[in-house]
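Accompanying notes for the structure given below.
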Amino acid sequence: MKIVVDAMGGDFAPQNIVAGAVDAVKEYKVGVTLVGLEGPIREELKKYKFPKDLIEIVHAPDVVAMNDAATVVMRQKKQSSINIGMGLLKKEGYDAFVSAGNTGACVAASTFVLGMIPGVDRPGIGCIFPSLKKFTFIIDVGANTAAKPEHLLQYAKMGKVYAREVLNRPQPTIGLLNIGSEECKGTGLEKETHKVLEEKEPCFVGNVEANEVFMGKTDCIVCDGYVGNITLKVAEGLMESVGKLLKREIKKNPIAILGAVLLKSSLSEAKKSVDYSEYGGAPLLGVDGLVLISHGRSTPKAIKNAIRAAQEQAEHNVLKKIKEEMVGNA
2 MKIVVDAMGG DFAPQNIVAG AVDAVKEYKV GVTLVGLEGP IREELKKYKF
52 PKDLIEIVHA PDVVAMNDAA TVVMRQKKQS SINIGMGLLK KEGYDAFVSA
102 GNTGACVAAS TFVLGMIPGV DRPGIGCIFP SLKKFTFIID VGANTAAKPE
152 HLLQYAKMGK VYAREVLNRP QPTIGLLNIG SEECKGTGLE KETHKVLEEK
202 EPCFVGNVEA NEVFMGKTDC IVCDGYVGNI TLKVAEGLME SVGKLLKREI
252 KKNPIAILGA VLLKSSLSEA KKSVDYSEYG GAPLLGVDGL VLISHGRSTP
302 KAIKNAIRAA QEQAEHNVLK KIKEEMVGNA
């Protein structure tokens, strides 16, 4: 198995990307192909000891900036690490693509280079959210901000497969993110989507309000990319702020410091459950290839875990099973 990694993607590339890739090959014994500027990649690799046969380099002369428009990348930076990396997925022997780079460029390149799965009109980015019942999978969190009811139905079907195969939910349930539990709530999109899901998706259990996301009410939640991205960003900011507030308040009181020491292992587990770097990358579902998009601020740990997640999805044949699910929708 070989995972293609965009070595130039993210705020701390190629340093963090290379470090994460080295950790992955040593821990998971998986092959990694680093795509990007060959010189800087080789300079970073000199810092580490690793199985030489498990890492290869594919040179890509163009570098995509985080603020580049997707159209610019596709037209003027055709030899970027994103485009070349996506192209490798069409060749035998390459199983998945991971990037912490420009999300819009990743979505555009995957759609253009890989194409869509039959039965899927628009790709959707999925994200694992921690919940009181371990995990909730939300799709879409940013790929499609002009969704239609049929797109959300497609996300529901793909999310159901992901929850079943990756999150080990044998009979996953699906909810629609909305402003109320009643089916009459929401905009025209939510109202129409509720009807479509109720009619065509047996796993649909109704609306999910924002305050129920972390309760684990359903295994999978669908929404349009605009709402999903706001939900994701609010959740990230809240988690970071709560962590800082706890530290600040604990330091004010010697008794609280002692309590924190006694609760160290429990606090560490709680922190781990809300740490994005533990989950690695968000799957881009709907395109004809396994693509994971990581956080732009990804640490080596996040990249390592994104490679692990890509490996797991390949081993579970997630792409094949999504295709099977979508056959009746094509």
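To convert, take the position in the sequence shown, counting from 1, and add 1; that gives the working numbering.
All C-beta atoms in this analysis are idealised placements derived from N, C-alpha and C, irrespective of residue type, glycine included.
As the structure is a prediction and not an experimental result, all values here were calculated from the model.
Environment of residue i [buried if 16+ CB atoms lie within 10 Å]
i: Asp12; result: exposed
i: Thr219; result: buried
i: Pro301; result: buried
i: Val209; result: buried
i: Asn230; result: buried
i: Glu183; result: exposed
i: Phe138; result: buried
i: Pro171; result: exposed
i: Lys158; result: buried
i: Val235; result: exposed
i: Val328; result: exposed
i: Met216; result: exposed
i: Asn169; result: exposed
i: Ser81; result: buried
Straight-line gap, residue i to residue j (C-alpha atoms, nearest Å)
i: Phe176; j: Cys221; result: Looking at the sequence provided, one finds Gly at residue 176 rather than Phe. Taking the straight line joining both Cα atoms gives about 6 Å.
i: Ala310; j: Lys253; result: 40 Å
i: Val223; j: Ile140; result: 5 Å
i: Val214; j: Gly181; result: 13 Å
i: Lys3; j: Thr188; result: 44 Å
i: Cys107; j: Ala71; result: 8 Å
i: Gly102; j: Met67; result: 6 Å
i: Glu313; j: Asp54; result: 21 Å
i: Ile27; j: Ile304; result: For the record, residue 27 in the displayed sequence is Lys; it is not Ile. The straight-line gap from Cα to Cα measures roughly 13 Å.
i: Gly297; j: Asp7; result: 12 Å
i: Glu45; j: Lys245; result: 33 Å
i: Pro284; j: Pro255; result: 44 Å
i: Gly1; j: Leu115; result: The structure shown has nothing for residue 1, since the chain only spans 2 to 331.
i: Val142; j: Arg249; result: 31 Å
i: Ser274; j: Leu133; result: Summary for Ser274: the model assigns pLDDT 49, below 50, so the residue's position carries little reliability, and this model does not support an answer.
i: Thr232; j: Asp225; result: 11 Å
i: Cys185; j: Phe205; result: 16 Å
i: Glu93; j: Ile251; result: 54 Å
i: Glu237; j: Glu316; result: 29 Å
i: Glu193; j: Leu178; result: 13 Å
i: Pro131; j: Asn318; result: 24 Å
i: Pro52; j: Gly21; result: 14 Å
i: Ile83; j: Ala110; result: 7 Å
i: Val65; j: Met240; result: 29 Å
i: Asp122; j: Gly287; result: 8 Å
i: Ala211; j: Gly160; result: 18 Å
i: Thr174; j: Tyr163; result: 12 Å
i: Lys324; j: Lys91; result: 16 Å
i: Ala147; j: Gln77; result: 26 Å
i: Asn145; j: Leu190; result: 13 Å
i: Asn17; j: Met9; result: 10 Å
i: Met117; j: Ile85; result: 18 Å
i: Glu326; j: Val31; result: 28 Å
i: Cys128; j: Lys48; result: 33 Å
i: Pro124; j: Gly207; result: 23 Å
i: Gly120; j: Arg165; result: 20 Å
i: Val167; j: Ser299; result: 22 Å
i: Asn306; j: Pro15; result: 17 Å
Limits of the beta strand (DSSP E) - the one that residue i falls within
i: Thr137; result: Lys135 to Ile140
i: Ile175; result: Ile175 to Asn179
i: Val209; result: Phe205 to Glu210
i: Ala8; result: Ala8 -> no beta strand (DSSP E), and no H or E assigned at all.
i: Ala97; result: Ala97 to Ser100
Residue i: first and last residue of the uninterrupted alpha helix (DSSP H) it sits in
i: Ile126; result: Where Ile126 is concerned, there is no enclosing alpha helix (DSSP H), although the beta strand (DSSP E) it sits in stretches over Gly125 to Ser132.
i: Pro150; result: Pro150 to Glu166
i: Leu55; result: Unbroken run through Leu55: none, as it is neither H nor E.
i: Leu198; result: Gly189 to Lys201
i: Ser82; result: Ser82 to Leu89
i: Val73; result: Ala71 to Gln77
i: Cys221; result: It is not in any alpha helix (DSSP H) - Cys221 instead sits in the beta strand (DSSP E) that spans Cys221 to Val223.
i: Ala303; result: Pro301 to Glu316
i: Val319; result: Val319 to Met327
i: Thr104; result: Thr104 to Ala110
Per DSSP, the bridge partner or partners of residue i
i: His60; result: Gly37
i: Gly229; result: None; Gly229 has no bridge partner.
i: Met117; result: Val288
i: Gly32; result: Lys3
i: Leu293; result: Val99 and Pro284
Counting beta carbon pairs with one atom in the stretch 50–67 and one in the stretch 26–36, are three or more of them shorter than 8 Å? In short, these stretches touch, since the Cβ pair count reaches three.
The stretch 153–165 contacting the stretch 193–212, beta-carbon criterion three pairs below 8 Å: As far as the Cβ criterion goes, the stretch 153–165 touches the stretch 193–212, which means the pair count is three or higher.
Do three or more CB pairs link the stretch 86–98 to the stretch 284–303 at distances below 8 Å? Per the Cβ contact rule, the stretch 86–98 is in contact with the stretch 284–303 (3 or more Cβ pairs under 8 Å).
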